[in-house]
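Written below as structure tokens is the structure these notes are about.
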Amino acid sequence: MARFCALCGKDSMPGFNPQSVGANRVRAHRHFKANLQPTAVVLNGAMKKVLVCTGCRRTATKGA
């Protein structure tokens with residue numbers, strides 16, 4: 004299963020992890036991953052377990 008939100012398409016995002024080595028600033032590459040949770044969602048009339056980001060999960064429960 005791919006690591007992206009089934010509702011909004013949010014996925015990992017590249018960035019930098021600042022590290023101090025004495026007076027030298029080193030930028031280490033890293034990925035910021037989306038906070039995905041398995042959630043049961045109705046798709047095409049059937050319940051299906053998909054990965055959904057917490058933002059979409061909150062919005063879906065508020066609308067109900």
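Residue numbers (my numbering): 4 to 67. No residue lacks a Cβ here, since even glycine has one placed at the ideal position from N, Cα and C. Treat the numbers as computed from the prediction; the structure is a model and nothing was measured.
Near the ligand COA: residue i beta-carbon under 8 Å from a heavy atom
i: F7; result: Inclusion of the ligand COA in the displayed structure is not the case, the ligand content being empty and no account of it being possible.
For residue i: DSSP bridge partner residues
i: F19; result: H32
i: K13; result: In DSSP, K13 forms no bridge with anything.
i: T42; result: V53
i: N47; result: Beta-bridge pairing links N47 to no other residue.
Close-in-space but distant-in-sequence residues of the same chain around residue i (CB under 7 Å, 5 per side omitted)
i: N38; result: C56 and T57
Inter-residue spacing [alpha-carbon to alpha-carbon] between residue i and residue j
i: G18; j: V29; result: 13 Å
i: A9; j: V53; result: 7 Å
i: R60; j: A49; result: 18 Å
i: T64; j: P41; result: 14 Å
i: D14; j: K36; result: 7 Å
Cβ neighbours of residue i in the same chain (closer than 6 Å, five flanking residues each side left out)
i: G25; result: none
i: Q22; result: V29 and A31
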